[in-house]
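Report on the following structure.
Residue numbers (the working numbering), protein chains in the order written: chain Y, 1 to 112; chain B, 1001 to 1116.
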């Protein structure tokens, strides 16, 4: 399974756009890139998933360059409630069991 | 869609007893479920992969006789912590994939286990 590298922590202010970049140099051809959000004492919540190029949903955008060795989660206009840990995961393709190995994630602190 | 539930949400037990945690996929059939453990201020650690109707596959270092996993149906997997000790106190989280959602894991809310 491909290992991911993300910044351990980030600070932002309310109303700003936040971009969290994740490196996954050993991503396999069949791997998807998935981002989760986790609040304390809760299970991770699915944010967005992509394979290549750009994906957008109602809460975030995911930018994936052509080589797929990195990805960037973009959160528009964050609020205090976006303070959480964000995990970038690679895997889930049909070539493996669907396993995901969590890294340390990025702790985002949104300040007023 | 893609809702996963866990029961109980929290449990306190005495050392030496066994505790069962249920994980259910409410609106889809989960061909595969995963069990994770998370200690305070740490990331999730995968414990095992559970496929319906077959034995679970445990990650290295996870004792299969201590953490019994049963995936008897396409909507239910259970984790039993046998002869629990204080060091087993942790946050246990399950996830599930299946059907049209086979590329995405959806997580349950977690179960807080405290062993006295």
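Don't be surprised by glycine CBs; every beta carbon is placed ideally from N, CA and C.
Computed from a predicted model, the values in this text were never measured in an experiment.
Separation of the CB atoms of residue 1021 (chain B) and residue 1048 (chain B) is rounded to 13 Å, and the pair is thereby denied contact status at 8 Å. At a cut-off of 8 Å, the C-beta of residue 92 (chain Y) has a neighbouring C-beta in chain B. Within the stretch 37–61 of chain Y, the beta strand (DSSP E) runs of at least 3 residues that lie entirely inside it are, in chain order, 45–50 and 53–56. For residue 74 (chain Y), the closest of Y:48, Y:27, Y:90 and Y:81 by C-alpha to C-alpha distance is Y:48.
Any Cβ of chain Y closer than 8 Å to the Cβ of residue 1091 (chain B) would place that residue at the interface, and such an atom is present. Three or more pairs of CB atoms, one per stretch, sit closer than 8 Å, so the stretch 76–91 of chain Y contacts the stretch 32–44 of chain Y. Residue contact with chain Y for residue 1043 (chain B): present (Cβ-Cβ distance below 8 Å to some residue of chain Y). Here the C-alpha atom of residue 89 (chain Y) lies approximately 31 Å from the C-alpha atom of residue 1115 (chain B).
With a cut-off of 8 Å on Cβ pairs, the stretch 1007–1023 of chain B is not in contact with the stretch 58–77 of chain Y, counting fewer than three such pairs. According to DSSP, residue pairing for residue 1079 (chain B) in a beta bridge involves B:1021 and B:1069. One thing to note: residue 1109 (chain B) has its Cβ no nearer than 8 Å to the Cβ of residue 1038 (chain B). In chain order, 1036, 1038, 1044, 1107, 1108 and 1110 place their CB closer than 7 Å to the CB of residue 1093 (chain B), counting only its own chain and leaving out the 5 sequence neighbours on each side. In the DSSP secondary-structure assignment, residue 1010 (chain B) is bridged to B:1112. Annotation: the stretch 8–33 of chain Y contains the following complete segments of the beta strand (DSSP E) (minimum length 3 residues), in chain order: 9–13 and 18–23. Around the beta carbon of residue 92 (chain Y), a 10 Å sphere encloses 16 or more other beta carbons of the protein chains shown; the residue is thus reported as buried. When Cβ pairs closer than 8 Å are counted between the two stretches, the stretch 11–21 of chain Y is seen to touch the stretch 98–111 of chain Y, the count reaching three or more. In the structure shown, the three-state DSSP call for residue 1026 (chain B) is coil. Looking at Y:62, Y:101 and Y:67, the one whose alpha-carbon comes closest to that of residue 20 (chain Y) is Y:62. When DSSP states are grouped into helix, strand and coil, residue 81 (chain Y) belongs to the helix group. For residue 101 (chain Y), no beta strand (DSSP E) segment is defined, and its DSSP state is neither H nor E. It is roughly 12 Å from the alpha-carbon of residue 53 (chain Y) to the alpha-carbon of residue 69 (chain Y).
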